[in-house]
Amino acid sequence: MKYLYSGPISGVTLADGQEIMLFPGAEVEMPEQHDYTRVLLALQHLSPLPQAAAASTSPSAEQGA
Numbered sequence: 334m335k336y337l338y339s340g341p342i343s344g345v346t347l348a349d350g351q352e353i354m355l356f357p358g359a360e361v362e363m364p365e366q367h368d369y370t371r372v373l374l375a376l377q378h379l380s381p382l383p384q385a386a387a388a389s390t391s392p393s394a395e396q397g398a
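Sequential numbering from 334 applies to the sequence shown in the working numbering.
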């Protein structure tokens with residue numbers, strides 16, 4: 334699932350070996366049922382993005398601008 338991250342600059346290596354860099358204001362994809370995802374949600378460092386917004390691209394990206 335995609336989230337908007339709003340915490341401090343950070344990085345995490347998940348149990349499956351996936352490394353994720355976290356930057357304030359950046360969109361990040363993290364496993365929904367992972368314990369670390371739940372911690373970041375509880376700390377209000379992650380905000381779920383709407384599924385439609387996460388799946389679509391911006392019009393300027395489609396036009397190559």
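Think of the CB as a built atom: it goes at the ideal place given N, C-alpha and C, for glycine as much as any other residue.
| Asked | Found |
| --- | --- |
| From this set, Tyr336, Thr370, Pro364, which residue's C-alpha is nearest Gly358's C-alpha? | Tyr336 |
| So is Thr346 buried or exposed if we call it buried at 16+ other beta carbons inside 10 Å? | exposed |
| Among the residues of its own chain, which have a CB less than 7 Å from the CB of His378, if the five just before and after it don't count? | Tyr338, Ser339, Gly340 |
| Here's the rule: buried if 16 or more other CB atoms are within 10 angstroms of the residue's CB, otherwise exposed. What is Met354? | exposed |
| Return the Cβ separation of Glu352 and Leu382 in integer angstroms, given the expectation that the two are a contact with Cβ distance under 8 Å. | Not quite, the Cβ-Cβ distance comes to about 21 Å (not below 8 Å), so this is no contact. |
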